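Residues in the sequence shown are numbered from 115 upward in steps of one, following our numbering.
The next block holds one structure in the form of structure tokens; read it before the comments.
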Amino acid sequence: MTKAGVKKAHFVSLGCARNLVDSEIAAGLLGSGGWALTAFPKEADAVVINTCAFTREARDESNNEIEHLSKQISRSAKFVVCGCLGQKEKAKLFKKFPRIDAVVGSSDYRHIDDILKRIVSRHEKPPAHRAPLDTIRREHLLCVGKPDFIADSSFPRLLSTPASYAYIKIAEGCSNHCSYCAIPALRGEFRSRSIKDILTEAENVAAMGVKELILIANDTAFYGGDATGGKLGRLLEKLHVIKPVKRIRILYMHPAHIGDSLIKKIASLPKVARYFDIPVQHTDDFILKRMNRPAFRKTQRLIENIRKYMPDAAVRSTFITGFPGETGKRFGNLAENLKKIKFSWVGVFNYSPEKGTPSFKMGGRASVAEALRRAEKLMEIQQEISFDFVRSFVGKKLEIIADSSFKGRTYFQAPDVDGEVLFKEKQLPGSLKKMKIISSKGYDLIA
115 MTKAGVKKAH FVSLGCARNL VDSEIAAGLL GSGGWALTAF PKEADAVVIN TCAFTREARD
175 ESNNEIEHLS KQISRSAKFV VCGCLGQKEK AKLFKKFPRI DAVVGSSDYR HIDDILKRIV
235 SRHEKPPAHR APLDTIRREH LLCVGKPDFI ADSSFPRLLS TPASYAYIKI AEGCSNHCSY
295 CAIPALRGEF RSRSIKDILT EAENVAAMGV KELILIANDT AFYGGDATGG KLGRLLEKLH
355 VIKPVKRIRI LYMHPAHIGD SLIKKIASLP KVARYFDIPV QHTDDFILKR MNRPAFRKTQ
415 RLIENIRKYM PDAAVRSTFI TGFPGETGKR FGNLAENLKK IKFSWVGVFN YSPEKGTPSF
475 KMGGRASVAE ALRRAEKLME IQQEISFDFV RSFVGKKLEI IADSSFKGRT YFQAPDVDGE
535 VLFKEKQLPG SLKKMKIISS KGYDLIA
């Protein structure tokens with residue numbers, strides 16, 4: 115604690131942008147409660163890590179970071195583990211990591227200030243004869259409730275993204291129940307915010323100078339499907355009239371919920387990026403049926419319609435390799451379809467078996483090594499497609515938002531997952547202007 119008595123908190127946020135929004139709200143709540151934030155865990159009075167547990171790799175990353183922080187932080191600091199790993203493993207985490215003081219579920223970060231107040235403080239420096247730190251007895255607080263919460267605009271939020279953009283979570287949870295996915299168990303069923311509340315938050319961040327709003331949910335295309343009274347097209351219309359906002363991007367759109375009316379609405383609104391983030395996951399109908407996903411021909415028609423109304427649209431997707439039942443022939447079909455469709459961007463993940471999901475007990479699962487080999491093969495195919503896509507913009511003028519002095523993004527680039535525009539000359543962070551693309555470098559453009 116500082117000489118002036120101000121408590122310091124250090125935050126680590128893992129996983130998706132939806133998790134990042136939760137972390138920003140938790141940080142805002144602590145700020146409102148008199149805490150200051152620090153970038154240095156060693157000087158923090160409290161360390162909060164918001165975890166991901168979506169796949170085995172995500173859990174490994176979360177566990178590794180918890181262990182790393184356990185060794186870094188001071189002996190007196192309070193250590194709180196939040197998010198999906200807490201929701202999944204609950205009190206098991208105390209046995210695995212005795213240094214943890216509190217385990218908090220995916221919907222319970224809203225209680226962060228009260229949780230820290232309730233944790234019993236440790237002695238700042240135990241006597242030499244006392245037991246080692248990891249065996250000192252202290253109160254463990256478990257705060258894992260039903261995942262049924264979504265924050266509204268009344269919650270304080272401390273943005274951690276560059277000044278150019280902010281994520282707006284329009285819904286939480288998921289009701290699609292894909293056979294491989296634990297999200298409904300970890301985050302709850304789908305629930306939307308009201309249009310009015312989203313607009314209030316959007317206007318607040320726009321007043322801070324944010325140029326790009328990035329709408330996120332586990333399935334943004336299903337927004338309003340739980341009878342909130344609004345639909346995504348209507349929300350886009352309302353956001354479009356906020357003058358300081360120059361670009362609206364939509365992420366995570368389930369193909370089953372994108373209709374012609376939504377495509378036409380996006381085409382009619384100049385501020386809405388011609389960017390479709392559609393997780394297809396596979397192209398073999400046998401696998402898709404096992405995944406509880408739409409038949410591939412429906413997704414093909416959807417992509418054809420998008421390109422019909424918006425020939426310049428960027429289409430991003432994700433795929434899973436090694437899913438139960440994926441033979442060499444079925445994988446080969448997937449690879450050929452990837453060549454034919456020519457997505458702008460693609461992410462590939464090897465199948466992660468999750469206990470409690472229907473696919474966990476399915477037979478015919480490829481080995482981890484084979485699933486990884488197939489994932490690498492898809493990325494090799496996609497690399498050339500993406501490189502060609504990027505090269506097609508050389509010599510053109512594009513509207514670019516500067517995320518920093520030396521790099522930014524245009525309409526077909528989402529933060530962290532796609533390429534970037536690298537500047538030859540220093541730009542003002544947060545500025546937006548048309549710039550000429552002079553060359554490309556792999557996934558990136560030079561302006």
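All C-beta atoms, glycine included, are put in the ideal place defined by N, C-alpha and C.
Only a predicted model underlies this, so the values are computations on that prediction, with no experimental measurement involved.
Quick check: residue i and residue j, are their CB atoms within less than 7 Å of each other?
i, j, result
"GLY145", "LEU230", "no"
"LYS325", "SER382", "no"
"VAL195", "VAL217", "yes"
"ALA331", "ALA285", "yes"
"SER481", "ARG170", "no"
"HIS396", "LEU349", "no"
"ARG232", "LEU255", "yes"
"ILE226", "PHE193", "no"
"ASP558", "TRP459", "no"
"ILE364", "LEU313", "no"
"ILE264", "ARG305", "yes"
"ASP398", "ALA409", "no"
"ARG388", "ALA427", "yes"
Measure how close the beta-carbons of residue i and residue j come, nearest whole angstrom, since I'm counting them as under 8 Å.
i, j, result
"SER308", "GLY259", "Going by Cβ atoms, the distance from SER308 to GLY259 rounds to 23 Å, so no, they are not a contact pair."
"THR165", "GLY197", "4 Å"
"ILE362", "LEU376", "In fact, because the Cβ distance is near 13 Å, the residues do not count as touching under 8 Å."
"ILE372", "LEU416", "6 Å"
"HIS291", "ASN406", "6 Å"
"THR432", "PHE463", "7 Å"
"MET549", "LEU512", "7 Å"
Buried or exposed: where does residue i fall if 16 or more other Cβ atoms within 10 Å of its Cβ makes it buried?
i, result
"VAL386", "buried"
"GLY129", "buried"
"ILE420", "buried"
"PRO240", "Legend: pLDDT at PRO240 = 40, less than 50; position of this residue unreliable, no value from coordinates given."
"ALA561", "buried"
"PHE91", "One cannot answer for residue 91 here, as it falls past the ends of the chain, which runs 115 to 561."
"ALA296", "buried"
"ASN97", "Since the first and last residues shown for the chain are 115 and 561, residue 97 lies out of range."
"PHE154", "exposed"
"GLU490", "exposed"
"GLU534", "buried"
"ARG301", "buried"
"ASP70", "With the chain represented from 115 up to 561, any question about residue 70 goes unanswered, as that position is not in the structure."
"GLN497", "exposed"
"ASP333", "buried"
"SER188", "exposed"
"VAL120", "exposed"
"GLY477", "exposed"
"HIS368", "buried"
In this structure, what does DSSP give as the bridge partners for residue i?
i, result
"TRP459", "ARG430"
"THR435", "ASN464"
"GLU286", "ARG305"
"ARG523", "ILE515"
"ILE163", "VAL126 and VAL195"
"PHE390", "VAL429"
"LYS555", "ASP558"
"LEU255", "ALA216"
"MET549", "LEU512"
"ALA150", "LYS122"
"ALA280", "LEU327"
(request) Taking only runs that begin and end inside the stretch 297–368, name each unbroken alpha helix (DSSP H) of 4 or more residues, in chain order. (result) With a minimum length of 4 residues, the continuous alpha helix (DSSP H) runs that stay inside the stretch 297–368 are 297–301, 309–321 and 346–354.
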